[in-house]
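Note sheet for the following structure.
In this note's numbering, the protein residues as written are 76 to 402.
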């Protein structure tokens, strides 16, 4: 495993880290894997050098946080960085231009969920606390700033971060420019290259850590989707891969697959593309099986993409606008 400096916080974090949405299950979750297998996959990641784990209260209504707390206690001699997120008060993902701070992150709500997350984790402090949606229109409101800095000063959290809404990489630049934000989490992958335009330069200028989420475009960039793909009732992917999205996603993945170097699986290409940008501190693929963990972490071998391969991948940029199904 290779490690990268996590912005001004100075942590050395694994460049392939662990996204724990799939560990939560239930509402807003992913189906298909039992808890024992999920925990075994988490432990395998630790054994292979993964030290940054990203979860959220909404992932199983605290269940994913509980699992992460168990993992930390099962590895007392290993420094594991814990990142979680405060859900919006109105429980709407994403926020909208009409969303107010009172609707989404009033101070008492932030404080309440920090304590809920600490109870779920069974820890005294959260390394990185993130707001799970964001609107740059809230930037100048002192209440969220005062609340988060107060929690940090009290030792309940370490760093402060935001998670940027899907396909709105611009909607976080002003927050970064306040100087308060330590980390920004944004969708960045072969298709979603828009963060390179404004967000990455802003983060670099202020030494803000960049967490690249959704490296496989919710599964499209694994190369396994087809027009016949279906998921069990209750699986989040049913509401995301509506027919109009599934059709174009499958077509674009097929076009990409035709241009990959022989012997390079699409998931490997997806991760290597992200790691090719030094402004990315870590990427957080969702991993629920040991085989996923081993295959993904194997990409952290220090071998860069050939320039011509990187140029080919860059041509598959797909700039999208949020819509009713994009969530």
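Note that beta-carbon positions come from the ideal geometry of N, C-alpha and C, so glycine has one too.
| Rounded Cβ spacing between residue 321 and residue 304 (contact assumed at less than 8 Å) | As a working note, residue 321 is residue 246 in the chain shown. As a working note, residue 304 is residue 229 in the chain shown. That belief holds up - the Cβ atoms of residue 321 and residue 304 are roughly 7 Å apart, short of 8 Å.
| Local Cβ density within 10 Å of residue 166, reported as buried at 16 or more and exposed below that | Taking the chain shown and counting its residues from 1, the one referred to as residue 166 is at position 91. Of the other Cβ atoms in all chains shown, fewer than 16 fall within 10 Å of the Cβ of residue 166; this residue is therefore exposed.
| message | Quick check on the burial criterion: 16 or more other C-beta atoms within 10 angstroms. Buried or exposed for residue 184? | response | As a working mapping, residue 184 is identified with position 109 in the chain shown. Counting of Cβ neighbours within 10 angstroms places residue 184 among the buried residues, the total reaching 16 or more.
| Pair within 8 Å by beta-carbon distance, residue 76 and residue 124 | Mapped onto the chain shown, residue 76 falls at position 1. Mapped onto the chain shown, residue 124 falls at position 49. The Cβ atoms of residue 76 and residue 124 lie closer than 8 Å to each other.
| So is residue 378 buried or exposed if we call it buried at 16+ other beta carbons inside 10 Å? | Along the chain shown, read from residue 1 onward, the residue named residue 378 stands at position 303. Exposed, because fewer than 16 other Cβ atoms sit within 10 Å of the Cβ of residue 378.
| field | residue 396 burial status per 10 Å Cβ neighbour count (16 or more: buried) | value | In the chain shown, residue 396 corresponds to position 321, counting from 1. With fewer than 16 other CB atoms across the displayed protein chains lying within 10 angstroms of its CB, residue 396 is exposed.
| said: Please list the terminal residues of the continuous beta strand (DSSP E) segment that includes residue 203. | reply: Residue numbering aside, residue 203 sits at position 128 when the chain shown is read from its first letter. Start and end: 201–206.
| 6 Å Cβ shell around residue 113 - same chain, five flanking residues per side excluded | As a first step, residue 113 must be located in the chain shown, where it is residue number 38. In chain order, 98, 363 place their CB closer than 6 Å to the CB of residue 113, counting only its own chain and leaving out the 5 sequence neighbours on each side.
| field | Neighbour-count burial assignment, residue 399, 16 or more Cβ in a 10 Å radius | value | Translated into positions along the chain shown, residue 399 becomes position 324. Exposed: under 16 other Cβ atoms inside 10 Å.
| request: Would you mind stating whether residue 348 and residue 235 have Cβ atoms separated by less than 8 Å? | output: Here residue 348 corresponds to residue number 273 of the chain shown, with the count starting at 1. Here residue 235 corresponds to residue number 160 of the chain shown, with the count starting at 1. In this structure, residue 235 does not lie closer than 8 Å to residue 348 by Cβ.
| message | Short of 8 Å in beta carbon distance, which residues of its chain neighbour residue 283, apart from the five on each side in sequence? Order them along the chain. | response | As a working note, residue 283 is residue 208 in the chain shown. The residues are 82, 83, 251, 256, 257, 258, 259, 277.
| Would you report the Cα separation of residue 261 and residue 337, rounded to the nearest angstrom? | For the purposes of this step, residue 261 is taken as residue 186 along the chain shown, with counting starting at 1. For the purposes of this step, residue 337 is taken as residue 262 along the chain shown, with counting starting at 1. Using only the alpha carbons, I get a separation of about 30 Å.
| query | The alpha helix (DSSP H) spanning residue 225 covers which residue range? | reply | The sequence position of residue 225 within the chain shown is 150, counting from 1. Residue 225 -> alpha helix (DSSP H) spans 217–228.
| query | How would you label residue 111, buried or exposed, when you count the other beta carbons within 10 angstroms and need 16 or more for buried? | reply | As a working note, residue 111 is residue 36 in the chain shown. If you draw a 10 Å sphere on the C-beta of residue 111, you find fewer than 16 other C-beta atoms in it, and that means exposed.
| said: Along the chain, where does the beta strand (DSSP E) containing residue 288 start, and where does it finish? | reply: Here the question's residue 288 lines up with position 213 in the chain shown. Counting along the chain, the beta strand (DSSP E) containing residue 288 begins and ends at 284–288.
| message | Would residue 118 and residue 155 qualify as a contact pair, given that the criterion is a beta-carbon distance under 8 Å? | response | Here residue 118 is taken as the residue at index 43 of the chain shown, counted from 1. Here residue 155 is taken as the residue at index 80 of the chain shown, counted from 1. Contact: no.
| request: In the DSSP assignment, find the beta strand (DSSP E) that holds residue 237 and state where it starts and stops. | output: Within the chain shown, residue 237 is the residue found at index 162, counting from 1. First-last of the beta strand (DSSP E) with residue 237: 232–238.
| Is it right to say residue 288 is buried, meaning 16 or more other beta carbons lie within 10 angstroms of its own, or is it exposed? | To locate residue 288, count along the chain shown from 1; it is residue 213. Buried.
| task | Throw me the rounded Cβ distance for the residue 242 and residue 273 pair, which I believe falls under 8 Å. | result | If you number the chain shown from 1, residue 242 lands on position 167. If you number the chain shown from 1, residue 273 lands on position 198. Rounded to the nearest angstrom, the Cβ distance from residue 242 to residue 273 is 13 Å, too far for a contact under 8 Å.
| request: Excluding the 5 residues preceding and the 5 following residue 268 in the sequence, name in chain order all residues of the same chain whose CB lies nearer than 6 Å to its CB. | output: Taking the first residue of the chain shown as 1, we reach residue 268 at position 193. Result list for residue 268: 392, in chain order.
| In or out: residue 195 buried (at least 16 other Cβ within 10 Å) or exposed? | Position 120 of the chain shown, counted from the first residue, corresponds to residue 195. It is buried - the Cβ of residue 195 has at least 16 other Cβ atoms within 10 Å.
| Nearest residue (CA-CA) to residue 121, options 239, 150, 131 | Along the chain shown, read from residue 1 onward, the residue named residue 121 stands at position 46. Closest in alpha carbon position to residue 121, among 239, 150, 131, is 150.
| request: Can you grab the Cα-Cα spacing for the pair residue 173 / residue 207, in whole Å? | output: If you number the chain shown from 1, residue 173 lands on position 98. If you number the chain shown from 1, residue 207 lands on position 132. Their backbone Cα atoms lie some 17 Å apart in a straight line.
| query | residue 178 to residue 222, Cα distance in whole Å? | reply | By one-based count along the chain shown, residue 178 stands at place 103. By one-based count along the chain shown, residue 222 stands at place 147. Per the coordinates, the alpha-carbon of residue 178 lies some 16 Å from the alpha-carbon of residue 222.
| In its own chain, which residues sit with a C-beta less than 7 Å from the C-beta of residue 182, not counting the 5 before and 5 after it? | Numbered from 1 along the chain shown, position 107 holds the residue referred to as residue 182. When the five nearest sequence neighbours on each side are left out, the beta carbons in the same chain lying within less than 7 Å of the beta carbon of residue 182 are those of 218, 222, in order along the chain.
| task | Compare the beta carbon distance of residue 233 and residue 192 with 8 Å and say whether it is the shorter of the two. | result | In the chain shown, the residue the question calls residue 233 occupies position 158. In the chain shown, the residue the question calls residue 192 occupies position 117. By the CB criterion at 8 Å, residue 233 and residue 192 fall outside the cutoff.
| task | Give, in chain order, every unbroken run of the beta strand (DSSP E) that is at least 3 residues long and sits entirely within the segment 80–141. | result | You should have 86–89, 127–129.
| query | Per DSSP, residue 261 forms a beta bridge with which residues? | reply | Within the chain shown, residue 261 is the residue found at index 186, counting from 1. Residue 261 pairs with 287.
| field | residue 234 Cβ short of 7 Å to the ligand COA heavy atom set | value | The ligand COA is absent from the structure shown, which contains no ligands of any kind.
| query | Whose C-beta lies closer than 8 Å to the C-beta of residue 371 among residues of the same chain, with five residues either side of it excluded? | reply | Numbered from 1 along the chain shown, position 296 holds the residue referred to as residue 371. The beta carbon of residue 371 sits closer than 8 Å to those of 91, 342, 346, 360, 362, all from its chain and outside the five residues before and after it, given in chain order.
| query | Short check: CB of residue 387 to CB of residue 323, under 8 Å? | reply | The residue you call residue 387 lines up with position 312 of the chain shown. The residue you call residue 323 lines up with position 248 of the chain shown. No, the pair does not count as a contact, with Cβ atoms beyond the cut-off.
| request: Determine the DSSP secondary structure at residue 160, reduced to helix, strand or coil. | output: Position 85 of the chain shown holds residue 160. DSSP, reduced to helix, strand and coil, places residue 160 within a strand of the structure shown.
| Cutoff 8 Å; reference residue 254; Cβ partners in own chain excluding five residues on either side | Here residue 254 refers to the residue found at position 179 when the chain shown is read from its first residue. Counting only Cβ-Cβ distances below 8 Å, and skipping sequence neighbours, we find 281.
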